[in-house]
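Undergrad: Below you will find the structure I want to go over with you.
2 protein chains.
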Amino acid sequence: MRPALAFGRFRGTIGGVTIEIINTGSELLLGRILNTHQQWLCSRLTQAGYAVTRQVLVSDRGEDIQRAVREGLSRADLVITTGGLGPTCDDITRERIAELLGRPLMFDAAVSESIRSFFVSRGRPVPPRTRVEAMVPQGATVVPNRQGTAPGLRMEAAPNPFRPGGQRSWLVMLPGPPRELRPMFDEEILPWITRQFPQASAFVCRTLKTAGIGESNMEELISEPLRHLTDAGMDLGFCARVGEVDVRFVARGSDAAAMVAEAEAITRRLAGDAVFGEQDEVLEGVLVRELTRRGQTLALAESCTGGHLAHRITNIPGASAVFLAGYVTYANAAKARTLGVREETLREFGAVSEAVARQMAEGARAASGADWALSVTGIAGPSGGTPDKPVGTVWMALAGPDGTEAIQKLNRFDRETFKFTTGQQALHLLFRHLVRKAG
Amino acid sequence: MRPALAFGRFRGTIGGVTIEIINTGSELLLGRILNTHQQWLCSRLTQAGYAVTRQVLVSDRGEDIQRAVREGLSRADLVITTGGLGPTCDDITRERIAELLGRPLMFDAAVSESIRSFFVSRGRPVPPRTRVEAMVPQGATVVPNRQGTAPGLRMEAAPNPFRPGGQRSWLVMLPGPPRELRPMFDEEILPWITRQFPQASAFVCRTLKTAGIGESNMEELISEPLRHLTDAGMDLGFCARVGEVDVRFVARGSDAAAMVAEAEAITRRLAGDAVFGEQDEVLEGVLVRELTRRGQTLALAESCTGGHLAHRITNIPGASAVFLAGYVTYANAAKARTLGVREETLREFGAVSEAVARQMAEGARAASGADWALSVTGIAGPSGGTPDKPVGTVWMALAGPDGTEAIQKLNRFDRETFKFTTGQQALHLLFRHLVRKAG
Chain Z
1 MRPALAFGRF
11 RGTIGGVTIE
21 IINTGSELLL
31 GRILNTHQQW
41 LCSRLTQAGY
51 AVTRQVLVSD
61 RGEDIQRAVR
71 EGLSRADLVI
81 TTGGLGPTCD
91 DITRERIAEL
101 LGRPLMFDAA
111 VSESIRSFFV
121 SRGRPVPPRT
131 RVEAMVPQGA
141 TVVPNRQGTA
151 PGLRMEAAPN
161 PFRPGGQRSW
171 LVMLPGPPRE
181 LRPMFDEEIL
191 PWITRQFPQA
201 SAFVCRTLKT
211 AGIGESNMEE
221 LISEPLRHLT
231 DAGMDLGFCA
241 RVGEVDVRFV
251 ARGSDAAAMV
261 AEAEAITRRL
271 AGDAVFGEQD
281 EVLEGVLVRE
291 LTRRGQTLAL
301 AESCTGGHLA
311 HRITNIPGAS
321 AVFLAGYVTY
331 ANAAKARTLG
341 VREETLREFG
351 AVSEAVARQM
361 AEGARAASGA
371 DWALSVTGIA
381 GPSGGTPDKP
391 VGTVWMALAG
401 PDGTEAIQKL
411 NRFDRETFKF
421 TTGQQALHLL
431 FRHLVRKAG
Chain D
1 MRPALAFGRF
11 RGTIGGVTIE
21 IINTGSELLL
31 GRILNTHQQW
41 LCSRLTQAGY
51 AVTRQVLVSD
61 RGEDIQRAVR
71 EGLSRADLVI
81 TTGGLGPTCD
91 DITRERIAEL
101 LGRPLMFDAA
111 VSESIRSFFV
121 SRGRPVPPRT
131 RVEAMVPQGA
141 TVVPNRQGTA
151 PGLRMEAAPN
161 PFRPGGQRSW
171 LVMLPGPPRE
181 LRPMFDEEIL
191 PWITRQFPQA
201 SAFVCRTLKT
211 AGIGESNMEE
221 LISEPLRHLT
231 DAGMDLGFCA
241 RVGEVDVRFV
251 ARGSDAAAMV
261 AEAEAITRRL
271 AGDAVFGEQD
281 EVLEGVLVRE
291 LTRRGQTLAL
301 AESCTGGHLA
311 HRITNIPGAS
321 AVFLAGYVTY
331 ANAAKARTLG
341 VREETLREFG
351 AVSEAVARQM
361 AEGARAASGA
371 DWALSVTGIA
381 GPSGGTPDKP
391 VGTVWMALAG
401 PDGTEAIQKL
411 NRFDRETFKF
421 TTGQQALHLL
431 FRHLVRKAG
């Protein structure tokens with residue numbers, strides 16, 4: 001997971017539909033686990049052109065859940081709840097919402113059967129208390145759960161006793177575990193939302209992922225050239241993350257697709273190889289894909305990033321096709337023994353130097369037999385800096401078929417941000433070489 | 001950061017004070033960044049014996065902020081807001097709350113001077129618009145910001161126009177950036193809360209971190225032996241995380257410290273070396289500390305964890321004193337070349353085998369000269385399994401001064417959880433050896 005450092009100025013496009021999210025779970029209020037549902041659901045809805053107007057987290061207590069749902073239904077067209085659909089005594093969301101809306105719970109034989117086969121297919125006995133998961137509020141639609149036993153539920157509050165004028169609202173209940181909630185939302189709920197609440201006009205949202213150009217410089221680079229499009233109503237947004245900047249175009253109406261396509265073309269032309277991907281892509285994923293396509297392989301020689309680069313690459317399914325080896329040579333002796341960095345180079349220039357970065361990359365390439373090898377050596381801090389080489393000094397090198405290129409950076413961040421930023425710069429160095437080769 | 005997989009049954013101790021959190025920020029509602037404030041603040045308050053009853057996230061719009069604060073003050077003794085105190089045009093929390101409570105904003109010369117010196121000491125010009133950060137609602141107390149320019153604010157709503165009966169409430173406004181919010185909360189706000197809302201009686205909360213025993217087995221192991229304490233009012237809670245289980249004791253009253261100390265002693269006796277730490281400790285942190293104390297060193301040979309183990313170890317400040325090298329030998333050729341794993345062993349037993357795990361650990365120990373070397377080799381999946389060695393099969397080994405020990409595990413998880421769980425088992429293998437040596 002990435003550090004949560006992003007200060008976005010993107011404003012989003014507020015559609016006509018009001019959506020509120022209610023997260024339930026005492027373990028969330030106790031701070032035992034992180035609420036990832038909120039960001040995930042908001043991001044999915046934003047990308048589809050909808051705006052979440054409010055999110056609230058309440059405990060597992062019935063009165064808290066009912067109060068939050070009542071408040072949500074008094075304001076929103078759609079209220080989405082997460083959690084509390086399982087079989088334990090804490091799981092009362094279904095029951096308390098049915099009570100609030102005056103809908104009796106009915107036993108659903110089809111749900112019961114699908115729960116039974118979930119356990120049978122895994123060779124496990126059916127726990128008796130899963131019976132409660134087959135209880136469905138009258139009038140609710142069952143939403144299948146591919147990854148677990150508790151189905152989601154979708155129901156209309158019409159007339160809506162809590163909304164001024166009785167205007168109808170919808171209520172969607174999702175299970176708490178992310179691996180159940182996410183596919184259910186993508187496969188069942190989001191398609192239903194787009195049908196139930198169609199956009200007033202065409203909606204296009206596109207994100208370009210960039211690295212190597214800071215947020216202000218990116219804004220300066222493309223704002224004027226895109227002025228005719230933003231003047232015509234296209235939204236242009238920037239979101240600075242650790243080591244990368246998202247550029248986002250949002251447009252509505254019959255010209256939306258053409259406007260966004262033009263904005264993308266202009267940005268790609270001006271920003272060049274700073275643009276490494278689209279939508280949710282990550283740089284390591286793009287590299288694994290591109291190396292796989294070329295039938296080429298990669299090795300890593302890390303000092304200050306301490307294995308984080310290898311970890312990122314191996315997070316990508318299929319990485320084994322391109323990634324041969326990583327050498328985390330933290331100690332100088334390891335740099336010498338494993339990568340063949342010369343003792344006299346270490347003595348003369350120090351471990352954080354262009355010469356050592358080059359020898360690390362070339363040594364990793366030779367030791368592994370890979371087509372490409374990236375190396376990183378630097379001073380993460382907080383200690384270890386000198387007037388000559390302050391904390392944050394980094395040298396990195398890329399050894400490849402046509403020789404070795406080394407670059408220097410100054411990254412003054414906390415440890416986690418330092419590792420990520422430095423790794424990102426190294427990956428981007430390889431990305432630029434691959435793009436150049438292709439071009 | 002760890003995967004957010006934890007299904008805690010710990011119920012917490014609801015004190016008499018009601019606390020609500022209001023997070024502001026359109027970038028949060030757009031799903032661009034993760035709301036880490038909620039978990040962090042809830043965790044800090046829970047550990048201090050306070051319960052957060054509700055959290056709400058609203059946009060940067062003035063009416064949304066005012067409505068949320070009005071609702072919070074109508075229910076809670078303390079309302080904590082985050083975000084919106086900076087100098088940009090989005091930052092309107094201070095102004096809109098002052099307006100809501102009918103408090104004029106006054107220029108504070110001392111705040112202005114501290115903002116000025118913040119910039120001057122960094123050799124940067126003072127941006128004119130930081131002047132707004134020196135505006136303080138009448139009657140509010142300024143809370144210094146050690147890490148940034150916008151101070152926090154603390155004010156009393158007394159009488160409280162929004163609460164039935166006019167009962168007074170407090171309002172605390174914190175800046176949005178985590179590195180500003182966290183020290184401010186720990187150093188200034190939490191001590192103030194404990195003075196302003198003293199616990200009715202002594203409160204002791206203690207967490208033991210454990211690995212190697214599942215949640216149900218841990219519960220079975222200690223519930224009965226602790227029965228006399230839980231019957232006497234001590235809370236016993238469990239929180240299952242990826243690769244570890246937290247055991248938590250909470251007690252109030254004059255016997256609180258004695259009860260918790262007895263519970264801890266019983267648990268440590270029964271769970272033995274499953275207990276690796278206390279409170280917020282992580283296993284890799286404990287290992288770096290213990291190895292440093294012993295003057296011993298560590299090397300890693302990773303295949304299926306792909307550098308994640310090295311990443312975890314090097315996340316700990318001071319790791320360079322004990323960590324010599326990590327070898328991410330993803331390809332078989334790298335296992336042979338770098339670690340001296342024999343070709344015939346790879347051919348005969350396969351890369352995921354006891355023999356290869358042992359040779360990897362011994363090879364890493366020899367190559368690095370470390371006192372200890374851990375190795376991991378396994379099938380992360382989703383592909384690569386066989387009837388003999390299904391997906392999730394892992395062999396790991398520890399080579400040390402007294403020989404090599406290898407163990408086998410079956411870890412069937414998604415990629416991220418697989419890496420973390422497998423790494424945790426390997427680290428715990430080393431932990432058990434160190435503890436045994438010490439015992």
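Same order as they appear, the protein sequences are chains Z and D.
The first sequence begins at 1 in this note's numbering and counts up by one.
The second sequence begins at 1 in this note's numbering and counts up by one.
Beta carbons: idealized from backbone N, C-alpha and C, even for Gly.
The structure displayed is predicted, hence computed values, not measured ones.
1) One question on the structure: do aspartate 77 (chain Z) and threonine 18 (chain Z) come within less than 8 Å of each other, judged by their Cβ atoms?
2) Of all the CB atoms in chain D, is at least one closer than 8 Å to the CB of glutamine 38 (chain Z)?
3) Closer than 7 Å by beta-carbon distance: list the chain Z residues that pair up with cysteine 89 (chain D), in chain order.
4) If I follow the unbroken beta strand (DSSP E) through alanine 444 (chain D), where does it start and stop?
5) Using a Cβ-Cβ cut-off of 6 Å (strictly less than) and excluding sequence neighbours within five positions of alanine 263 (chain Z), which residues of its own chain qualify?
6) Should valine 328 (chain Z) and threonine 393 (chain Z) be called a contact, given that it needs their Cβ atoms to be closer than 8 Å?
7) Cβ closer than 9 Å: which chain Z residues qualify as neighbours of glutamine 55 (chain D)?
8) Looking at the C-beta of valine 328 (chain Z), does it have a partner C-beta in chain D at a distance below 8 Å?
9) For a test of the three-state rule: what should DSSP assign to glycine 123 (chain D), helix, strand or coil?
10) Helix, strand or coil for threonine 13 (chain D)? Go by DSSP, reduced to three states.
11) Tell me which same chain residues have a C-beta within less than 6 Å of the C-beta of glutamine 425 (chain D), skipping the five on either side of it?
12) Go to glutamate 156 (chain D), then tell me how far its beta strand (DSSP E) extends in each direction, as first and last residue.
13) Between Z:Gly62, Z:Ala301, Z:Ile222, which lies nearest to threonine 267 (chain Z) when the distance is taken from Cα to Cα?
14) In the DSSP assignment, what residue or residues form a beta bridge with isoleucine 22 (chain Z)?
15) Does the distance from the C-beta atom of serine 368 (chain D) to that of methionine 396 (chain D) stay below 8 Å?
16) For alanine 240 (chain D) versus glutamate 220 (chain D), is the C-beta spacing smaller than 8 Å?
17) Decide if glutamate 27 (chain Z) is buried, meaning its Cβ has at least 16 other Cβ atoms within 10 Å, or exposed.
18) Can you pull the chain Z residues whose beta carbon is under 9 Å from the beta carbon of leucine 324 (chain D), in chain order?
19) Could you please give the first and the last residue of the uninterrupted beta strand (DSSP E) stretch that includes leucine 174 (chain D)?
20) Assuming valine 52 (chain D) contacts glutamate 20 (chain D) (C-beta within less than 8 Å), just tell me the rounded distance between them.
21) Out of curiosity, what's the CA-to-CA distance linking proline 3 (chain D) and threonine 422 (chain D)?
22) Using a 10 Å radius around the Cβ and a threshold of 16 neighbouring Cβ atoms, would you call asparagine 217 (chain Z) buried or exposed?
23) So threonine 46 (chain D) is in the alpha helix (DSSP H); what residue range does that whole segment cover?
24) At which residues does the beta strand (DSSP E) containing alanine 331 (chain Z) begin and terminate?
25) Short of 8 Å in beta carbon distance, which residues of its chain neighbour valine 286 (chain D), apart from the five on each side in sequence? Order them along the chain.
26) Just to confirm my understanding: we take aspartate 64 (chain D), look at its own chain, exclude 5 residues before and 5 after, and list those with CB closer than 7 Å. What are they?
27) For arginine 415 (chain Z), return the contacting residues in chain D, with the cut-off set at a CB-CB distance below 8 Å.
28) Taking all protein chains shown into account, do 16 or more other C-beta atoms lie within 10 angstroms of the C-beta of lysine 335 (chain Z), making it buried, or fewer, making it exposed?
29) Quick test of your reading: alanine 357 (chain D) and threonine 377 (chain D), contact by CB under 8 Å. State the CB separation rounded to the nearest angstrom.
30) Quick one: using the 10 Å Cβ neighbour count with 16 as the cut-off for buried, is serine 201 (chain D) buried or exposed?
31) Classify glycine 102 (chain Z): buried if its beta carbon has 16 or more other beta carbons within 10 angstroms, exposed otherwise.
32) Starting from the C-beta of alanine 158 (chain D), find all residues in its chain whose C-beta is less than 6 Å away, skip the five residues before and the five after it, and write them out in chain order.
33) Along the chain, which unbroken stretches of the beta strand (DSSP E) at least 3 residues long are found entirely within the segment 290-316 of chain D?
34) With 8 Å as the threshold, decide whether the Cβ of valine 52 (chain Z) is near any Cβ in chain D.
35) Taking phenylalanine 349 (chain D) as part of the alpha helix (DSSP H), name the residues at either end of that continuous run.
36) Given a threshold of 16 other Cβ atoms within 10 Å of its Cβ, counted over all protein chains shown, does glycine 83 (chain D) qualify as buried or as exposed?
TA: Let me lay it out:
1) Taking C-beta atoms as the reference points, aspartate 77 (chain Z) and threonine 18 (chain Z) count as a pair closer than 8 Å.
2) The C-beta of glutamine 38 (chain Z) comes closer than 8 Å to at least one C-beta of chain D.
3) Residues of chain Z passing the Cβ test: none, with the nearest at roughly 10 Å.
4) The displayed coordinates of chain D run from 1 to 439. Any statement about residue 444 (chain D) would go beyond what the structure contains.
5) Leu226, Leu229, Phe249
6) no
7) Asn23, Leu28, Leu29, Asn35, Gln55, Val56, Leu57, Val58
8) Yes, its Cβ sits closer than 8 Å to a Cβ of chain D.
9) coil
10) Only weak support exists for where threonine 13 (chain D) lies, its pLDDT of 37 falling under 50; the value from the coordinates is given anyway. Note: threonine 13 (chain D) maps to coil in three-state DSSP.
11) Lys409
12) 152-157
13) Answer by Cα proximity: Z:Ile222.
14) For isoleucine 22 (chain Z), DSSP records a beta bridge to Z:Val56, Z:Thr81.
15) no
16) no
17) buried
18) Thr329, Tyr330, Ala331, Ala333, Ala334
19) Start and end: 169-174.
20) 7 Å
21) Only weak support exists for where proline 3 (chain D) lies, its pLDDT of 32 falling under 50; the coordinates are left without a value.
22) exposed
23) 36-47
24) No beta strand (DSSP E) contains alanine 331 (chain Z), which DSSP labels as neither H nor E.
25) Phe276, Gly277, Phe431
26) Excluding sequence neighbours, aspartate 64 (chain D) sits near Val58.
27) Asn315, Pro317
28) Flag for lysine 335 (chain Z) reads buried.
29) 5 Å
30) exposed
31) exposed
32) Excluding residues up to 5 positions away in sequence, Arg168 lie with their Cβ nearer than 6 Å to the Cβ of alanine 158 (chain D) in the same chain.
33) 298-302
34) yes
35) 343-349
36) buried
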